[in-house]
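Q:
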Amino acid sequence: MANMNRFISRYYLLILILIFATFLRFWLLGQVPAGLHEDEAAYGYNAYSLLLTGNDEHGKSFPIVLESFGEYKPALYAYLTIPWIVVFDLTPFAVRATSALFGVFSIIMVYLLAKKLLQNTTIALIAAGMIALSPWHLTLSRTTSEVVVSVFFLLVFVYAALSLKDTFNKWWLITAVLTGILAVESYTAARFFVVALAALVFVFSFKKTQKKILINWTLFSLCLFFIVMGLIISTLDSATRFNQISIVSTPETKLVLEEQIREDDQTEPLITRFFHNKVLNYSRTFIENYEDYFTIDYLFLNGGSPVRVDIPQSGLLYSWQFPFLLLGIYVIVRQRISCGYFLFSWWLLLLFPAAFTFHEIPNIYRSLIVLPALLMILSLGMYHCGKYVLEKKGHLFSIASILLLLFVISLEFISFQHQYYIHQEKHQPWYRGYAFKELTIALQELSPKYKKMIITKGIGGAYISLLFYRKYDPLTYQQEGSPGYDGFDTYTFVPIDCSLNAGEKGEGKVKGEKGVLYVDRGDCILAKKDVKVLKTIYWQDGNPAVRLLEYIPSKAVLPPFRDI
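Taking the numbering used here, the leading residue of the sequence shown gets 1179, the next gets one more, and so forth.
1. With distances taken Cα to Cα, identify the nearest neighbour of L1727 among I1703, D1719, T1259.
2. What are the start and end residues of the alpha helix (DSSP H) that includes S1284?
3. Roughly how many whole angstroms lie between the Cα atoms of E1218 and I1410?
4. Could you check the C-alpha separation between S1416 and L1254 for me, to the nearest Å?
5. Below 8 Å on the Cβ atoms is my contact criterion, and I expect Y1337 with V1273 to pass it. Report the Cβ-Cβ distance as a whole number of Å.
6. In whole angstroms, what is the alpha-carbon distance linking R1203 and V1282?
7. Could you give the uninterrupted runs of the beta strand (DSSP E) lying entirely in the region 1626 to 1667, keeping only those of 3 residues or more?
8. Looking only at C-alpha atoms, which of S1492, S1341, G1564 sits nearest to G1506?
9. Using DSSP's beta-bridge definition, name the partner residues of Y1716.
10. Under a Cβ-count criterion, where at least 16 other Cβ atoms within 10 Å of its own Cβ denotes burial, should N1347 be classed as buried or exposed?
11. Beta carbon of V1329, beta carbon of S1284: below 8 Å?
12. Pull the bridge partners of Y1250 from the DSSP assignment, please.
13. Rounded to whole angstroms, what's the CA-CA distance from L1356 to V1406? Just pull it up for me.
14. Quick one: residues in its chain with C-beta nearer than 7 Å to the C-beta of K1294, no 5 flanking neighbours on either side, listed in chain order?
15. Rounded to the nearest angstrom, what separates T1200 and N1298 at their Cα positions?
16. Starting from D1670, follow the alpha helix (DSSP H) in both directions and report where the run begins and ends.
17. Report the start-end ranges of each alpha helix (DSSP H) in the region 1553 to 1635 that is 4 residues or longer and not cut off at the edges.
18. Do the CB positions of L1521 and L1495 come within less than 8 Å of each other?
19. How far does the alpha helix (DSSP H) with L1521 in it extend, from its first residue to its last?
20. My understanding is that E1538 touches P1607, with C-beta atoms under 8 Å, so please give their C-beta distance in whole angstroms.
21. To the nearest angstrom, report how far apart A1723 and Y1628 are at their CA atoms.
22. Given that a residue counts as buried once 16 or more other Cβ atoms are within 10 Å of its Cβ, and exposed if not, what is W1350?
23. Taking 8 Å as the cut-off, decide whether the C-beta atoms of G1208 and F1614 are in contact.
24. Can you give me the start and stop residues for the beta strand (DSSP E) that D1701 sits inside?
25. Does the pairing of the region 1262 to 1271 with the region 1508 to 1517 give three or more beta-carbon distances under 8 Å?
26. Judging by CA-CA distance, which residue of I1489, A1377, S1557, A1533 is the nearest neighbour of Y1508?
27. With distance defined between alpha-carbon atoms, name the residue in G1611, Q1622, F1646 nearest to P1211.
28. In whole angstroms, what separates the C-alpha of L1194 from that of A1292?
29. Only counting the same chain, and skipping five residues up and downstream in sequence, which positions put a Cβ closer than 8 Å to that of V1709?
30. Please identify the residue among M1554, L1568, R1699, T1366 whose C-alpha is closest to the C-alpha of G1307.
31. Under DSSP, the alpha helix (DSSP H) around Y1337 begins and ends at which residues?
32. Between R1610 and chain B, is there a C-beta pair that is closer than 8 Å?
33. Anyone know if the C-beta pair for F1766 and P1313 falls short of 8 Å?
34. Which term fits G1638, buried or exposed, when burial requires 16 or more other beta carbons within 10 angstroms of its beta carbon?
35. For G1237 and V1264, I'd like the C-alpha separation in whole angstroms.
36. Assign N1163 to buried or exposed, taking buried as 16 or more other Cβ atoms, counted over all protein chains shown, within 10 Å of its Cβ.
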């Protein structure tokens, strides 16, 4: 008991930070954000299927990658979600709880890593507090985010690698290998991150003597292991997503290159190729993307993509943190802090994979890995600013400065919470699948009256959301052939937004089938006749999401009988 009391008294600030962080990440987790994105529903239903059948939705036994919407993603998140489903059933809370929990775990690792790197408990506590309150980390921790899980494992990996830098220990080596593998199995892009981080630790492990530079062969072997692992993974299906979104595949860059070559039709081909080639054009795209991740708009004002996690008028960092980030960079350069250069390299180097993609740029998922380094740098700035104020200024000035900073921090934190819980719910809600739960309930109530239901594909994620909210038996679904958008049960999915279309004015003739329930997009123009609206489901901003319709043809009016 005495040991426990000493532990609590020693770490009480960290414990308070963790309690507050846990509250922020778990409070109303199943309700906010409202609705499940299709990726969240896919992870949840696959976890549910693995729990009940040992197969994913496509019938593959205990897969290491999940096929979803034509791409592949690591399956580890689904396995980690299974215990939550056992306890809380298949619910939005259960699907998001894994991300929230690993978000809390990451705070502990940021504290330990900052303490190890900067050799200062105060800076480590500041860094832990910063990630606990971080809008960036909070937003992603409250959704189904495999990258949050991956970042935790990467933090443990870096801590273990840094421990190997000081002295060899087989347990640290085992920990580094296991957490590196788990990081990659959580998030595909982590195969780049783990190699880059291992390389950084290896480079900063060089020790100079009078005659030569001593190389840490353990770290070199660790780095080589993950390079080989990354190359192997790149040949598998799990690399499909990266291949789809890499700048090499972007049509925009190809079109610009082709246009430039056409405009040079009077120029010597050799000159044309010298000025307009793939290397130059793709390099330009890469530099433009890379630059986007350093803008004030991205970091401090409006954040980035995708839209489903966009919080209105909120940046990824608080605006008051900007001067402390600059001060942290200044302190590192001025005092030539080697671990500071390590953090700075972490920030700069690990944005390369994110900049090498073209879809949804700048992307807050792909760049989350740099957040711990950013927060440790600005925590260093906060520490030195506080130290200067306390040592160089008067007592009253110090108290006033601290109170003013606390006021600004509280004000901006409350403002973010207001934007998150109030405005986000109504801000472009159609990206988060809010309507699907109510749609599922309505279809279940009406299903006995109709022989089949025709549902538009125009509302993304329809089939997986219906599987999720219905808790549709995975074994039955697999026996049906895991049909997806080909249709299951009485559902038929069609690539038409408005199945009961009656023209731009709604006055045309409607073509439909009797005894069928139609689900059209909410923005379809309603037919003036022959169509009955059974139910309209609205987005949270008041706009119609979908309409449930029935085709009821008017009785044909026969011409009057004439006796000739």
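Here a beta-carbon is modelled for each residue, glycine too, at the ideal position from N, C-alpha and C. All of these numbers come straight from a predicted model, not from anything done at the bench.
A: Quick answer:
1. Looking only at I1703, D1719, T1259, the smallest Cα-Cα distance to L1727 is reached by I1703.
2. 1270 to 1296
3. 27 Å
4. Note that S1416 has pLDDT 49, beneath the 50 cutoff, so the model's placement of it is unreliable and no number is given.
5. At roughly 28 Å, the Cβ-Cβ gap does not stay under 8 Å, so Y1337 and V1273 are not in contact.
6. 8 Å
7. 1630 to 1634, all fully within the region 1626 to 1667.
8. G1564
9. Per the DSSP secondary-structure output, Y1716 pairs in a beta bridge with P1722.
10. exposed
11. yes
12. E1245
13. 15 Å
14. Y1337, L1340
15. 24 Å
16. Looking at the sequence shown, residue 1670 is not Asp but Thr. Here T1670 belongs to no alpha helix (DSSP H); instead the beta strand (DSSP E) covers 1669 to 1672.
17. As far as the region 1553 to 1635 is concerned, its whole alpha helix (DSSP H) runs of at least 4 residues are 1573 to 1596, 1614 to 1624.
18. no
19. 1516 to 1527
20. About 18 Å; that fails the 8 Å criterion.
21. 22 Å
22. buried
23. Cβ distance not < 8 Å, so G1208 and F1614 don't count as in contact.
24. No beta strand (DSSP E) holds D1701; DSSP gives it neither H nor E.
25. no
26. S1557
27. G1611
28. 18 Å
29. These residues qualify, in order along the chain: L1678, A1680, V1688, G1690, L1727, E1728, Y1729, I1730.
30. Nearest neighbour of G1307 by Cα position, chosen from M1554, L1568, R1699, T1366, turns out to be M1554.
31. 1324 to 1344
32. Absence of chain B from the displayed structure is noted, only one protein chain being present.
33. Outside the shown range of the chain, which is 1179 to 1742, sits residue 1766, and nothing can be said about it.
34. exposed
35. The straight-line gap from Cα to Cα measures roughly 20 Å.
36. Any question about residue 1163 goes unanswered here, given that the chain covers just 1179 to 1742.
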